[in-house]
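Here is the structure we will look at.
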Amino acid sequence: MRWFLPWTLAAVTAAAASGVLATAEKKCLAVYQPEAPMNFTLAGCISTRSYRPKYCGVCTDNRCCIPYKSKTIDVSFQCPDGPGFSRQVLWINACFCNLSCRNPNDIFADLESYPDFSEIAD
């Protein structure tokens, strides 16, 4: 199962607030990457190593800025009062503006919807 962790919106907002834009030909907000490595947090557990992830920005026209080159990496987490675990996380290497998007500039529009537990139990 691939996990999409919820730090994307904050990173994109920070990049947009800084006013950093790519060249006019690309028509896409620059890919954002934090200056300092950070640990991921999931359900109160912290990743065992630090990362400098990249985040796709937004397009300046009616297209969606989506991952172009990506891979899945294993991230190990350690919980404060229990055993650790690993999750596969999407690691973005590059982004581009795409015409086929449902909601332009909505960074969460194309994420898969996952069933809730009641649908699984039935």
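As numbered in mature numbering (1 follows the signal peptide of the UniProt record, and there is no 0), residues -22 to -1, 1 to 100 make up the sequence shown, in order. C-beta atoms are modelled at their ideal positions from N, C-alpha and C, and glycine is treated no differently. Predicted, not measured: the structure shown is a model, and the values here were computed from it.
Name the residue from the options whose alpha carbon lies nearest to the alpha carbon of residue i.
| i | options | result |
| --- | --- | --- |
| G60 | K32, Y29, W69 and G22 | G22 |
| P12 | C75, S28 and F55 | S28 |
| C57 | T26, R41 and V67 | T26 |
Within 10 Å of its beta-carbon, does residue i have 16 or more other beta-carbons around it, so buried, or fewer, so exposed?
| i | result |
| --- | --- |
| R30 | exposed |
| I44 | buried |
| L7 | buried |
| F18 | buried |
| C75 | buried |
| F55 | buried |
Once DSSP output is grouped into helix, strand and coil, what is the label at residue i?
| i | result |
| --- | --- |
| L20 | strand |
| V67 | strand |
| N40 | coil |
| P28 | Checking the displayed sequence, the identity of residue 28 turns out to be Ser instead of Pro. Three-state DSSP puts S28 in coil, outside helix and strand. |
Alpha carbon to alpha carbon, how far is residue i from residue j?
| i | j | result |
| --- | --- | --- |
| I70 | G35 | 12 Å |
| L77 | T38 | 12 Å |
| I51 | C79 | 25 Å |
What is the C-beta distance between residue i and residue j, in whole angstroms, given that I count them as a contact (C-beta under 8 Å)?
| i | j | result |
| --- | --- | --- |
| residue 105 | Y33 | Nothing in the structure corresponds to residue 105, since the chain is present only between -22 and 100. |
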